[in-house]
Amino acid sequence: MRLSAAAATVLSSTLLGLPSASWAQAGGTEAEASKPNSQGGALCRSALSPANERSKFCTTNPSQRWAQLELPSLDNGDSPNGQSEQDGEQQQSQQRQVLVAEVAVKRPKGELSPELRDAVYEAASVEPGRTATRSQLQEDINAIFATGWFSNVRVEPEDTPLGVRITFVVEPNPTLSDVQVQSLPAETEGRAVPPEVVDGIFEPLYGQRLNLSQLQKRIDKLNQWYKDNGYSLAQVVGSPQVSEDGTVTLRVAEGVVEDINVQFVNDKGESVEGETRKFIVKREVELSSGDVFNRQMAQQDLRRVFGLGIFKDVRLAFDPGDNPQKVDVTLNVVEDRTGSLGAGAGISSSTGFFGTASYREQNLGGNNQTLGAQLQVGTREILFDVSFSDPWIAGNPNRLGYRVNAFRQQSISLVFEEGPDESNVGVVDEDGIIVDPRVIRTGGGVTFSRPIAPDPYTDGKWDVSAGFEYQRVAIKDGDSNVTPFDNQGNQLAFSQDGTDDLFMLELRATRDLRNNPQQPTDGSRLSLSMDQSVPIGSGSILMNRLRASYSYFTPVEWLGSLDFLGDKGEALAFNVQGGTVLGDLPPYEAFVLGGSDSVRGYDRGELGSGRSFFQATAEYRFPIVDPVSGALFFDYGTDLGSADSVIGNPAGVRGKPGSGFGYGAGVRVKTPVGPVRIDFGINDEGDNQIHFGIGERF
Numbered sequence: 001m002r003l004s005a006a007a008a009t010v011l012s013s014t015l016l017g018l019p020s021a022s023w024a025q026a027g028g029t030e031a032e033a034s035k036p037n038s039q040g041g042a043l044c045r046s047a048l049s050p051a052n053e054r055s056k057f058c059t060t061n062p063s064q065r066w067a068q069l070e071l072p073s074l075d076n077g078d079s080p081n082g083q084s085e086q087d088g089e090q091q092q093s094q095q096r097q098v099l100v101a102e103v104a105v106k107r108p109k110g111e112l113s114p115e116l117r118d119a120v121y122e123a124a125s126v127e128p129g130r131t132a133t134r135s136q137l138q139e140d141i142n143a144i145f146a147t148g149w150f151s152n153v154r155v156e157p158e159d160t161p162l163g164v165r166i167t168f169v170v171e172p173n174p175t176l177s178d179v180q181v182q183s184l185p186a187e188t189e190g191r192a193v194p195p196e197v198v199d200g201i202f203e204p205l206y207g208q209r210l211n212l213s214q215l216q217k218r219i220d221k222l223n224q225w226y227k228d229n230g231y232s233l234a235q236v237v238g239s240p241q242v243s244e245d246g247t248v249t250l251r252v253a254e255g256v257v258e259d260i261n262v263q264f265v266n267d268k269g270e271s272v273e274g275e276t277r278k279f280i281v282k283r284e285v286e287l288s289s290g291d292v293f294n295r296q297m298a299q300q301d302l303r304r305v306f307g308l309g310i311f312k313d314v315r316l317a318f319d320p321g322d323n324p325q326k327v328d329v330t331l332n333v334v335e336d337r338t339g340s341l342g343a344g345a346g347i348s349s350s351t352g353f354f355g356t357a358s359y360r361e362q363n364l365g366g367n368n369q370t371l372g373a374q375l376q377v378g379t380r381e382i383l384f385d386v387s388f389s390d391p392w393i394a395g396n397p398n399r400l401g402y403r404v405n406a407f408r409q410q411s412i413s414l415v416f417e418e419g420p421d422e423s424n425v426g427v428v429d430e431d432g433i434i435v436d437p438r439v440i441r442t443g444g445g446v447t448f449s450r451p452i453a454p455d456p457y458t459d460g461k462w463d464v465s466a467g468f469e470y471q472r473v474a475i476k477d478g479d480s481n482v483t484p485f486d487n488q489g490n491q492l493a494f495s496q497d498g499t500d501d502l503f504m505l506e507l508r509a510t511r512d513l514r515n516n517p518q519q520p521t522d523g524s525r526l527s528l529s530m531d532q533s534v535p536i537g538s539g540s541i542l543m544n545r546l547r548a549s550y551s552y553f554t555p556v557e558w559l560g561s562l563d564f565l566g567d568k569g570e571a572l573a574f575n576v577q578g579g580t581v582l583g584d585l586p587p588y589e590a591f592v593l594g595g596s597d598s599v600r601g602y603d604r605g606e607l608g609s610g611r612s613f614f615q616a617t618a619e620y621r622f623p624i625v626d627p628v629s630g631a632l633f634f635d636y637g638t639d640l641g642s643a644d645s646v647i648g649n650p651a652g653v654r655g656k657p658g659s660g661f662g663y664g665a666g667v668r669v670k671t672p673v674g675p676v677r678i679d680f681g682i683n684d685e686g687d688n689q690i691h692f693g694i695g696e697r698f
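The opening position of the sequence shown corresponds to residue 1 in our numbering, with each subsequent residue numbered one higher.
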């Protein structure tokens, strides 16, 4: 039985998705076409076609082919009658089927390699001798394309005397020669990912036939590189563009920032009017318009803004920009209370009855400037301290800041305290009682400071400051009378009248490489200072004071087996420091040894005082139970035999040893203001002291 010309026309047109003739035109009724031939059968085998194409074909009874003649077109549109077809198995069961007699593979031009031909056959599910539907062929097209080897796949159905011949026409991808990244939007200057990173990811595929599946895995690696390097908003978008020469172009929406905004909100997240000027916030933000958003940079920006100390919370929010390929970054800022006012009263042996008042504003005028004032009025003295500071002068590119202060302060110098013979040395007040001399300092100064860095956002490690300060220093007894000598005739000031003028030029430099300023476990810190006096005023004092301190921290894991400690933070900490004074030296300016910040186990100033000093400390710091940690320590200090070079030899007349050591243990408790330190120290003479402090010893 042979197909008529009309039947062949119907078969080809339906496979190609063209309007088909009616069954009546095809040459018979449906009942007649479905009738099987008892002598039919099928024989399938593989062979090479005359065109050297591997094909699958079979012979079968033509009447079996007639039963499944009509095959809808291979597009995804509606059925010819205009109604949408059902999904899934129901859709497939309702589609008419044809018997496949042969399956072939070819390319539009040129030969197809055996490997690629085999890839098509392995992906396709249609086989000779079986029926097929439009959905099956579409699934095969998708499966062949999913192998990744082809840029185009289509089906050419053809009627043959033996049945329907299905030919998959495939266009192989070219050999991959290069991968280029195109940043979006197109006007973006530069791009986040360096060319060498792109080559490093895709170079293993260069010189090979492009496989889109393998390419996608490499694209995933590129997306992961963006995430790992902080470009949280960046990703490859759209399909890769492949040129004939094997160049693949990837379009990447890198997350370009269109604008930086500042929004003040309350604790509930509602917008409010802020007191802080917005430029104070924005100048701390390195991220700027036109930059690719980087999470790591944004986190550093948030830390700087929060570090101003005037905000309770700072968070980032994202909004679409006017350009849909860009993003607006908004800093939602919750302001904190920055002002305080206080008052009090009391009694002191040095000032008698007194009243105090204090005022402090950390965000004066919304400019992050600090104004502080303290006033103490007593029956013997009026004391005050007024200061104003600006950490970053507006418009300065180097983060230059300054501080101005004026003061009148009273203290009992540690030089004139402590020692075994302290009770026998001092000044005699109007009641004939021996008391420690009071040091009254009246003056003021200004200091400028800045980090040494190429820009305001780079941590240059070094901070420097320079300034000057004037002090009028007077030594007084308990009744506020100037007293130039103690009860044993030892001079207490540089001038014979008990009053000195100190005009000091100051220079400081600090290099901080610690991993955590509050509780470091790794790194180092170096501090250098020099004070030079100008010989003017009372005493004409000419002195040069030099001081240096170096701390080193190294992590250890001596408690490694105690897993319950979690993040251990064990460390060995070492500190050495020393100093000397060249030229004139007023007694009250001598270096002092002993106390919580010197040699523990001795009281403050109890170990000694001198023109020069050296001290060293070793500590083992370890966790206990969060937020409590502990420390074992050993301190050593010496005045280097310089006690008697101080006018009046205040350490010698009080019987201070001049050198010694202390050891002991302590605990630290984390608090919002820093670690509270409690140390128990024992000195080399067998005495002990409990020391309190805020922050680590160094």
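Glycine included, each C-beta is placed from N, C-alpha and C at the ideal position.
Under a 10 Å Cβ-count criterion, Pro657 is classified as buried, with 16 or more other Cβ atoms of the shown protein chains found around its own Cβ. Between the region 483-500 and the region 516-523, the count of Cβ pairs shorter than 8 Å is below three; the stretches do not touch. Beta bridge pairing from DSSP links Ser629 with Pro623 and Arg668. Secondary structure of Leu212 (DSSP, three-state): helix. Burial state of Ala590 is buried, judged by a 10 Å Cβ sphere holding 16 or more other Cβ atoms. Between the C-alpha atoms of Phe416 and Gln299 there is a straight-line separation of about 50 Å. The shortest C-alpha to C-alpha distance from Asp390 to any of Ser177, Asp459, Gly366 and Val556 is the one to Gly366. Classified as buried, Leu212 has 16 or more neighbouring CB atoms from the shown chains inside 10 Å of its CB. If you draw a 10 Å sphere on the C-beta of Pro108, you find fewer than 16 other C-beta atoms in it, and that means exposed. Contact annotation: the region 346-355 does not touch the region 246-259, with fewer than three C-beta pairs closer than 8 Å. Fully enclosed alpha helix (DSSP H) runs of no fewer than 4 residues occupy 195-202 and 212-228 of the region 153-241, in order along the chain. Taking the CA atoms as reference points, Phe503 sits about 4 Å from Tyr470. Selection Ser549, Val377 and Phe494 evaluated against Ala509 yields Ser549 as nearest (Cα-Cα).
Residue pairing from DSSP places Asn688 in a beta bridge opposite Ile682. Around the beta carbon of Pro195, a 10 Å sphere encloses fewer than 16 other beta carbons of the protein chains shown; the residue is thus reported as exposed.
Here the alpha carbons of Gly352 and Ser423 stand approximately 21 Å from one another. Less than 8 Å separates the beta-carbon of Met543 from that of Gly583.
Under the three-pair Cβ rule at 8 Å, the region 199-213 counts as touching the region 141-151. Ranked by Cα distance from Leu546, the options Pro555, Asn515, Leu559 and Asp531 are led by Asp531. A Cβ-Cβ distance of about 29 Å is found for the pair Arg511 and Trp558, leaving them out of contact under the 8 Å criterion. By the neighbour-count criterion, in which a residue is buried when 16 or more other Cβ atoms sit within 10 angstroms of its Cβ, Phe613 is buried. Of the other Cβ atoms in all chains shown, 16 or more fall within 10 Å of the Cβ of Val285; this residue is therefore buried. Look at the beta carbons and you see the region 641-653 touching the region 572-588: at least three pairs across the two are nearer than 8 Å.
Apart from the 5 residues on each side of it in sequence, Val327 sits with its Cβ closer than 8 Å to the Cβ of Leu233, Gly255, Val256, Val257, Glu258, Phe293, Phe318, Asp319, Pro320 and Gly321 in its chain, given in chain order. Contact annotation, Asp431 with Asp477: C-beta distance approximately 10 Å; criterion of less than 8 Å not satisfied. Taken in chain order, no unbroken stretch of alpha helix (DSSP H) lies wholly in the region 397-482 with a span of 4 residues or more. Its chain contains Gln235 and Val236 as the residues whose beta carbon lies nearer than 7 Å to that of Asn223, once the 5 sequence neighbours on both sides are disregarded; these appear in chain order.
Residue pairing by DSSP puts Gly583 in a beta bridge opposite Met543.
Between the alpha carbons of Ser598 and Leu302 lies a distance of about 37 Å.
In the DSSP assignment, Pro535 falls outside any alpha helix (DSSP H) and carries neither an H nor an E.
According to DSSP, Val653 shares a beta bridge with no other residue. Collapsing the DSSP output to three states places Val329 in a strand.
DSSP places Asn142 within a helical segment (H, G or I) once states are collapsed to three. In chain order, Gln68, Gln97, Val98, Leu99 and Val100 place their CB closer than 8 Å to the CB of Thr131, counting only its own chain and leaving out the 5 sequence neighbours on each side. Inter-residue distance for Gly110 and Val252 is about 35 Å (C-alpha atoms, whole angstroms). Cβ-Cβ separation between Gln689 and Arg621: approximately 20 Å, too far for a contact (criterion under 8 Å).
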